[in-house]
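Worksheet: one structure, shown below.
In my numbering, the protein residues as written are 90 to 196.
Structure, rendered in C-alpha cells:
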C-alpha cells in the first residue's frame, strides 16, 4: 500500500492455499469507496472476492465455485445489468468443449 511519501507499507499476504490463481482484478465492487479484488482460481474451479476495509484491512475471501472441471482462466468487470454495482464475468476453459462464460450479477 502506498503511504503517500513515495514508499510502501509492509506487504500484506492473503493466502490462496493451493488454488493456483491465474489473475486478479481490482475495483470497488460494493460501492464502499475502498478497492476490493477478485482472484481467478484455476486449481479450485472458483473465484475469490476480497473486500477492502481501508488501512490495509481486508475481508476473508468469499469463494464462488465455477463448476466441476470448469477451469476459470480470465475475468472482466463491469456493470453488465445496469444495476449500479459491478458484476463479474469469468471465462471458463471447460475440458473438451468450447470456452464458456459465467456472469455473477450483484442485486
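Backbone N, C-alpha and C define an ideal beta-carbon position, used for all residues, glycine too.
Bear in mind the structure is a predicted one, so any value in this text is a computation, not a measurement.
(1) Mark residue 120 as exposed unless 16 or more other C-beta atoms lie within 10 angstroms of its C-beta, in which case mark it buried.
(2) What residue range does the beta strand (DSSP E) around residue 130 cover?
(3) Report the three-state DSSP secondary structure of residue 167 (helix, strand or coil).
(4) Name the residue from 117, 98 and 128 whose alpha carbon lies nearest to the alpha carbon of residue 163.
(5) According to the neighbour-count rule (16 or more other Cβ atoms, all chains shown, within 10 Å of its Cβ), is residue 154 buried or exposed?
(6) So, at 6 Å on beta carbons, what are the nonlocal neighbours of residue 109 in its own chain, with the 5 sequence-adjacent residues on each side left out?
(7) Identify the continuous beta strand (DSSP E) that holds residue 152 and give its terminal residues.
(8) For the beta strand (DSSP E) containing residue 176, name the first residue and the last one.
(9) Candidates 107, 166 and 158: which alpha carbon is nearest residue 174's?
(10) Please return the same chain residues whose Cβ sits closer than 7 Å to the Cβ of residue 226, not counting the five positions on each side in sequence.
Considering the structure as presented:
(1) exposed
(2) 125 to 130
(3) strand
(4) 128
(5) exposed
(6) 131 and 132
(7) 151 to 154
(8) 176 to 181
(9) 166
(10) With the chain running from 90 to 196 in the structure shown, residue 226 is simply not present.
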